[in-house]
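The structure under discussion appears below in the form of structure tokens.
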Amino acid sequence: MSNPRVPPRQAPYSPQVEKSFQVIMPPGIPPLNIFRTLAHNERVLARVVQGGLLDRGSISVAQRELVILRACALCGAEYEWGVHVTAYHHQAGFNAAQIADTCASAITNSLWNEEQRSLLRMVDELHADATISSTTWQQLRTLFSDEQLIELVMLAGQYHAISFLVNSLQVENEAFAARFPASTP
């Protein structure tokens, strides 16, 4: 998006904003547009930084990123999807076909193992119905602990909220970030 509804703040930043940027960004990397946009509301920025689920949790990076990519793709949040593809796809171990498939209206089952298909189905159901069906829940229970299930559901919800934010504020895509595949509906 090229015309953000709320333009990202420019330096100099307040000490509170600088502190938030130091928490969320690696040293020497300028703050992303989403964080500079949130800097217009220092309280919200601080809460987002404190409440994120990108730390080392009970799920793997691959599990986390699959949930994030699918949630963002379903919401049409190219900004957030692209940042995560670029930042984490090597660490998560996804190939190009799998990355593109996260944007498909229906996933290609042969690209994913049983655990991954269950996670994708979970995100699809949460997106469509704001709940997880009994069948999918039973499948997830065989694969994940209660601790992991809570994290996975919260993660899907968190990235729906982030998608609402970047889409509504029309946060400008990062120049370095991946874009949705051309065939994305």
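The sequence shown begins at 132 in my numbering and counts up by one. Ideal Cβ placement from N, Cα and C applies to all residues, glycine included.
C-beta contact flag for residue i and residue j at 8 Å
i, j, result
"Leu184", "Val175", "no"
"Val192", "Gln229", "no"
"Val137", "Glu173", "no"
"Val154", "Val180", "yes"
"Ala204", "Thr233", "yes"
"Gly224", "Glu282", "no"
Contacting residues, own chain, Cβ-Cβ under 8 Å from residue i (five flanking each side not counted)
i, result
"Asn240", "Arg248"
"Asn244", "none"
"Leu274", "Glu245, Glu246 and Ser249"
"Arg252", "Thr267 and Gln270"
Own chain, CB closer than 6 Å to residue i, minus 5 neighbours either side, in chain order
i, result
"Ala287", "Val198, Ala202, Val254 and Leu257"
"Asn298", "Ala208"
"Ala231", "Pro312"
"Ala177", "Ser151"
Assumed close pair residue i, residue j - CB separation to whole angstroms, cut-off 8 Å
i, j, result
"Ile165", "Tyr210", "7 Å"
"Pro135", "Leu296", "Wrong, their Cβ atoms sit about 12 Å apart, outside the cutoff."
"Ile190", "Gln279", "5 Å"
Close-in-space but distant-in-sequence residues of the same chain around residue i (CB under 7 Å, 5 per side omitted)
i, result
"Thr217", "Phe307, Ala308 and Ala309"
"Arg140", "Arg167, Ala170 and His171"
Where are the alpha helix (DSSP H) runs, 4 residues long or more, that stay fully inside the stretch 231 to 267, in chain order?
-> 245 to 260
Go through the stretch 154 to 194 residue by residue and report every complete run of the beta strand (DSSP E) that reaches 3 residues or more, in order.
-> Within the stretch 154 to 194, no beta strand (DSSP E) run of at least 3 residues lies entirely inside it.
What are the complete alpha helix (DSSP H) segments, minimum 4 residues, inside the stretch 265 to 316?
-> 265 to 274 and 277 to 299
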